[in-house]
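Trainee: Here it is, the structure, as structure tokens.
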Ligand SMILES: [Zn+2]
């Protein structure tokens, strides 16, 4: 294939731009924030489980407190009822029975109030534990938001850069003849992105192979407008004043 030396040199610019595009793609998928968000996701899940356990424990204590409070209410009502009866009876036997029942109810009430205080203390402890885990959750959420913000900013920057590269590439590609451009695109696929390389100091800058013997002689003898290829990596070898041949 024939292409002017200038057109061949444009391939090198195209190749450099394509490498940058690939690097940008790699940068955008391997952002440190992606890994951080995955790790934060695990923290969010662990915190969610912790909060479930803590809230469950608090709920159990609240249920227990409700039971004790309702027991207290029942006993208080019975005491009030007995005291009322006491006011309205003159039977010595009844008075004795009621006195005795009131005494035992008051003992029961005292015990229940002791239990109530203990349960209230445990409720406070559980509430504090839930608050701690909720605080941790809020801190994790803030870190997630901050990391997402940074990630989005970096991605926006990369997208902007990609846009500029794409425009540059279009203007460079416009100066390359169709057959050479087609060849370049085909080599990009087979060469895994390496389609055109500068021959510098007899060495292919695509694969670092140094031309010797007949390969070197071929490169020397080929007319300047002849498209030649690296015998090792297959990329278009672009000869310039740096080629050393
Ligand atoms: Zn090569």
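In our numbering, the protein residues as written are 37 to 281.
No residue lacks a Cβ here, since even glycine has one placed at the ideal position from N, Cα and C.
In this text, all values refer to a predicted model and were calculated from it rather than measured experimentally.
Can you find at least 3 beta carbon pairs, one from the region 234-247 and one from the region 255-270, that sit closer than 8 Å?
Mentor: A contact exists between the region 234-247 and the region 255-270.
Trainee: For a test of the three-state rule: what should DSSP assign to residue 164, helix, strand or coil?
Mentor: In the structure shown, residue 164 sits in a helix (DSSP, three-state: H, G or I).
Trainee: Quick check: what's the CA-CA separation for residue 70 versus residue 157?
Mentor: C-alpha separation (whole angstroms): 44 Å.
Trainee: Specify the secondary structure class of residue 209 as computed by DSSP and reduced to three states.
Mentor: Three-state result, residue 209: helix.
Trainee: Starting from residue 262, follow its DSSP beta bridges and name the residues at the other end.
Mentor: According to DSSP, residue 262 bridges with 38.
Trainee: I need the straight-line Cα distance from residue 191 to residue 160, nearest angstrom please.
Mentor: Computed Cα separation, rounded: 46 Å.
Trainee: Taking just the CA atoms, how far does residue 57 sit from residue 252?
Mentor: About 32 Å.
Trainee: Should residue 212 go down as buried or exposed, given a rule of 16 or more other Cβ atoms within 10 Å for buried?
Mentor: When all chains shown are included, residue 212 counts as buried.
Trainee: Counting C-beta neighbours from all protein chains within 10 Å, is the total for residue 134 16 or more, i.e. buried, or is it exposed?
Mentor: Buried: at least 16 other Cβ atoms inside 10 Å.
Trainee: Are the beta-carbon atoms of residue 50 and residue 208 separated by less than 8 Å?
Mentor: Yes, these two residues count as a Cβ contact at 8 Å.
Trainee: Could you check which residue in 53, 273, 105 and 89 has the C-alpha nearest to that of residue 147?
Mentor: Measuring from the Cα of residue 147, the nearest candidate turns out to be 105.
Trainee: Quick one: using the 10 Å Cβ neighbour count with 16 as the cut-off for buried, is residue 260 buried or exposed?
Mentor: Exposed is the call here.
Trainee: Would you decide whether residue 257 is buried or exposed? Buried here means 16 or more other CB atoms lie within 10 Å of its CB.
Mentor: The residue is exposed, with fewer than 16 neighbouring Cβ atoms inside 10 Å.
Trainee: Per DSSP, residue 274 is paired with what?
Mentor: Looking at the DSSP assignment, residue 274 forms a beta bridge with 234.
Trainee: Just how far apart, CA to CA, sit residue 64 and residue 194?
Mentor: Taking the straight line from one Cα to the other gives about 7 Å.
Trainee: Taking 7 Å as the cut-off, is the CB of residue 52 close to at least one heavy atom of ligand 1?
Mentor: Incorrect: residue 52 has no Cβ contact closer than 7 Å to ligand 1.
Trainee: Closest by CA to residue 155, which one among 90, 100, 278 and 76?
Mentor: Nearest C-alpha to residue 155: 100.
Trainee: Are the CB atoms of residue 169 and residue 230 within a distance shorter than 8 Å?
Mentor: Result no, Cβ atoms of residue 230 and residue 169 do not sit closer than 8 Å.
Trainee: Is the region 178-192 in contact with the region 74-83, if contact means three or more CB pairs nearer than 8 Å?
Mentor: Touching, per the Cβ criterion.
Trainee: Taking the alpha helix (DSSP H) that residue 70 belongs to, which residues open and close that run?
Mentor: Its alpha helix (DSSP H) spans residues 68-123.
Trainee: Between 176, 127 and 95, which has its C-alpha nearest residue 75's C-alpha?
Mentor: Answer by Cα proximity: 176.
Trainee: In angstroms with no decimal places, state the Cα-to-Cα distance between residue 107 and residue 130.
Mentor: In a straight line, the C-alpha of residue 107 is about 25 Å away from that of residue 130.
Trainee: Does the distance from the CB of residue 118 to the CB of residue 141 come in under 8 Å?
Mentor: Yes, the Cβ-Cβ distance between residue 118 and residue 141 is below 8 Å.
Trainee: Quick check: what's the CA-CA separation for residue 220 versus residue 196?
Mentor: C-alpha separation (whole angstroms): 26 Å.
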